[in-house]
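Student:
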Ligand SMILES: [Zn+2]
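Residue numbers (this note's numbering): 36 to 354.
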């Protein structure tokens with residue numbers, strides 16, 4: 036399986052969205068698109084998504100035909116792109132907008148991630164990342180003057196003519212790695228996580244660092260393990276609020292665990308048999324199935340002869 040195919044298995048990734056970069060500066064086109072009855076709108080209040088819930092888990096996550104009234108109330112209007120014949124936009128609000136739909140409620144993207152189809156999950160990850168970026172960049176970081184949105188939401192420009200600084204949406208790279216040695220994998224847990232939950236070693240890439248050296252540094256800092264081989268796995272947008280998770284597999288050249296930086300409450304080696312037993316007994320749980328961390332562990336676990344990891348995931352997933 037190549038990297039692209041592997042990435043498409045990850046939730047929040049889809050290859051069917053045309054982001055319409057060429058249309059972002061065409062204000063006439065954007066105005067028509069906003070009033071097109073076929074256009075679809077995701078509504079976000081702060082960083083939560085408006086859903087209309089008349090049945091479990093939800094009945095509606097986008098809205099059409101009410102665009103101009105809704106857009107006029109929005110603090111930001113963002114063109115997400117086209118999927119088949121529909122244009123998708125994100126509309127951002129600080130409070131629930133006034134519109135004619137019943138049973139509206141707010142939810143976190145994580146709460147509905149496993150219910151969404153790939154296009155919806157990718158569009159909503161994009162929407163959430165963009166909306167949060169707009170909320171956090173209302174003022175110019177160079178001179179402190181208010182900024183305004185332009186280019187269909189993909190740029191904010193400083194309104195101080197003497198400055199005019201352009202601000203672009205940011206993505207923060209973070210590495211996540213499954214370390215193995217012989218027939219065991221290395222998992223750790225942070226004290227703030229739900230009891231028994233274990234996951235991969237992960238952390239943000241620092242300025243001046245390559246992805247691979249970030250992998251080696253994070254594993255050393257958190258577990259004291261040295262690596263002898265590092266291989267790329269796949270990536271996943273993780274807009275909680277603005278990360279791009281870059282997944283790796285690595286082989287350890289040492290076994291003794293030392294939690295050097297104290298970030299982890301515990302780190303340990305698991306054979307597949309030990310992991311299967313702990314999951315079956317409920318003493319250990321895995322990351323949510325929509326996360327790249329689960330995929331990394333799953334790909335390793337399922338390559339053995341202990342069955343499939345999903346068969347041991349508790350019915351009620353921890354978010
Ligand atoms: Zn400025």
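Don't be surprised by glycine CBs; every beta carbon is placed ideally from N, CA and C.
Which ranges would you report for the beta strand (DSSP E) in the region 226-295 if only whole runs of at least 3 residues count?
Tutor: Here the runs fully enclosed are 236-239, 262-273, 278-287.
Student: So what's residue 119 in DSSP terms, helix, strand or just coil?
Tutor: Three-state result, residue 119: coil.
Student: Between the region 113-130 and the region 160-175, are three or more C-beta pairs nearer than 8 Å?
Tutor: Judged by Cβ distances under 8 Å, the region 113-130 makes contact with the region 160-175, as three or more pairs qualify.
Student: Of all the alpha helix (DSSP H) runs that stay within the bounds of the region 112-188, which reach a length of 4 or more residues?
Tutor: Within the region 112-188, the complete alpha helix (DSSP H) runs of at least 4 residues are 144-147, 153-171.
Student: If you reduce the DSSP assignment to three classes, tell me which class residue 353 lands in.
Tutor: A caution first: residue 353 carries a pLDDT of 43, below 50, which makes its placement in the model unreliable, though a value can still be read off. Residue state, collapsed to three classes: coil.
Student: Since residue 272 and residue 47 are thought to touch, with beta carbons under 8 Å apart, how far apart are those beta carbons, to the nearest angstrom?
Tutor: Residue 272 to residue 47, Cβ: 5 Å. Contact.
Student: Check this for me: beta carbons of residue 284 and residue 256, under 8 Å apart or not?
Tutor: The answer is no: Cβ separation not under 8 Å.
Student: Buried or exposed: where does residue 177 fall if 16 or more other Cβ atoms within 10 Å of its Cβ makes it buried?
Tutor: With fewer than 16 Cβ atoms within 10 Å of its Cβ, residue 177 is classed as exposed.
Student: Can you list the residues near ligand 1, meaning Cβ strictly closer than 6 Å to any non-hydrogen atom, in the order they appear in the chain?
Tutor: Qualifying residues, in the order they occur: 175, 177, 178, 180, 193, 195, 198, 200.
Student: DSSP has residue 223 in a bridge; who is on the other side?
Tutor: According to DSSP, residue 223 bridges with 234, 302.
Student: Could you round the C-beta distance between residue 111 and residue 169 to whole angstroms and report it? I think they count as a contact, below 8 Å.
Tutor: Confirmed, about 4 Å.
Student: Quick check: what's the CA-CA separation for residue 348 versus residue 329?
Tutor: Rounded to the nearest angstrom, the two C-alpha atoms are 10 Å apart.
Student: Exposed or buried, residue 133, counting other C-beta atoms within 10 Å across all chains shown (16 or more means buried)?
Tutor: Under this definition residue 133 is an exposed residue.
Student: In angstroms with no decimal places, state the Cα-to-Cα distance between residue 194 and residue 217.
Tutor: Cα-Cα distance, rounded: 58 Å.
Student: For residue 224 versus residue 301, is the C-beta distance shorter than 8 Å?
Tutor: Yes, Cβ-Cβ distance for residue 224 and residue 301 is below 8 Å.
Student: Note down the Cα distance separating residue 252 from residue 220, rounded to an integer number of angstroms.
Tutor: Distance between the alpha carbons of residue 252 and residue 220 is about 18 Å.
Student: So, helix, strand or coil for residue 312, using DSSP?
Tutor: In this structure, residue 312 counts as helix in the three-state DSSP scheme.
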